[in-house]
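S.K.: Would you mind keeping the following structure in view while I ask a few things?
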Amino acid sequence: MDAAQHTFVTETGQPAQRRRKVRLACNPCRARKTGCDGRKPVCSACTLRGWEDKCGYPDSVMQPSAALTLVDLDRRLQKLENEARADSGLPPSSTTNFLPLL
């Protein structure tokens, strides 16, 4: 199958535009399970309903950034390598001489 078989076309023959995915919907849109455009301070759906005072976004509980995760993994790797060296009788290393992955 090629990509052309999966393209949606409107009645005018133009390719359909994909909906933009909002990273985080406001609280009322999440509760109603409706589409939210993510506008701040008040999304369009809440503006249309007159809920400007109710529209708010949850505190961010996003996953840690990849850089922080890599730092934690590097620390864990260093600790495990030092433990392995201690078990094998080799001196512990203060730095690991790895080439960065691209």
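Under the UniProt record's numbering, the first residue of the sequence shown is numbered 1, with each subsequent residue one higher. Backbone N, C-alpha and C define an ideal beta-carbon position, used for all residues, glycine too. Note that the coordinates shown come from a computational prediction; the quantities given were computed from them, not determined experimentally.
(1) Tell me the DSSP secondary structure of P58 in three-state form.
(2) Taking the alpha carbon of A25 as the point to measure from, which residue in G50, D59, D53 has its own alpha carbon closest?
(3) Which two residues bound the contiguous alpha helix (DSSP H) that contains T12?
(4) Evaluate contact between the segment 43-57 and the segment 27-35, counting only Cβ atoms and requiring at least three cross-stretch pairs below 8 Å.
M.R.: Quick answer:
(1) Indexing the sequence shown from 1 puts residue 58 at position 58. Correct three-state label for P58: coil.
(2) Taking the first residue of the sequence shown as position 1, residue 25 is located at position 25. For A25, the nearest C-alpha among the options comes from D59.
(3) Here residue 12 refers to the residue found at position 12 of the sequence shown. Here T12 belongs to no alpha helix (DSSP H), and DSSP marks it neither H nor E.
(4) Contact between the segment 43-57 and the segment 27-35 is established, with three or more Cβ pairs separated by less than 8 Å.
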